[in-house]
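Undergrad:
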Amino acid sequence: MKNILGIIAFTVTFGLSAGLVGLLFGFPQTQTHSHASNVSYNSAYQGKISRLLDRDVSNGDLREKAYFKFYDGDAESLYKNDEYRQAVNEYYINSSSMCDSATPEDFRYAWREHMNAWKNQAEYLNTLDDNESAENYIDNTVEINRTWFQVLRIANRYGVEIPRNYYH
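For what it's worth, my numbering labels the leading residue of the sequence shown as 2, then goes sequentially.
In structure tokens form, the structure reads like this:
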């Protein structure tokens, strides 16, 4: 009788603790999907990537507003504008400091490459003085766009629905 009560107590305790951990941290939901690229993924990655991208786009709102406020067709004056430079710098600091460790390795690599492109851009803008030409900006823009589209392609392979405005 004592052994049976011990087994019942152990089973109930284990069940309650597993249920409590699941409620607090989420139950594992491994779903394997096959896409055109034949990549299978854990659905937990989908949510983590999606949240990171959403935060990144939100971080870029200030930068985008400054761009539209100060861009008048002359890129050089935009890049020398202190408010625009500050918006780019703040975007880089906020987005590069987001935790990406829970994302898959290929996404994390692409993300960090994208953040490195923004780091180069922020550093370039911060060192540009009033007498220098801003012609090198085009190269940074190309790299930023290339790495961003790579981030989006990988996110899509993990099942993330990419909103249309992310492609602008």
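Virtual Cβ for every residue (Gly too), placed ideally from N, Cα, C.
Would you identify the three-state DSSP class for residue 152, choosing helix, strand or coil?
TA: Reduced to three states, the DSSP call for residue 152 is helix.
Undergrad: Thinking just about the alpha-carbon of each residue, which of 52, 66, 166, 162 is nearest to the one in residue 102?
TA: Considering only alpha carbons, the answer is 52.
Undergrad: Taking buried to mean at least 16 other C-beta atoms within 10 Å of its own C-beta, is residue 108 buried or exposed?
TA: By the 10 Å Cβ count, residue 108 comes out buried.
Undergrad: What are the start and end residues of the alpha helix (DSSP H) that includes residue 94?
TA: It spans 83-97 - the alpha helix (DSSP H) in which residue 94 sits, taken as one unbroken run.
Undergrad: Are the beta-carbon atoms belonging to residue 161 and residue 126 less than 7 Å from one another?
TA: No; because the gap between Cβ atoms is not below 7 Å, this pair is not in contact.
Undergrad: Is the CB-CB distance between residue 79 and residue 69 below 7 Å?
TA: In this structure, residue 69 does not lie closer than 7 Å to residue 79 by Cβ.
Undergrad: Tell me whether the beta-carbon of residue 92 lies closer than 7 Å to the beta-carbon of residue 60.
TA: A contact, by the Cβ cut-off of 7 Å.
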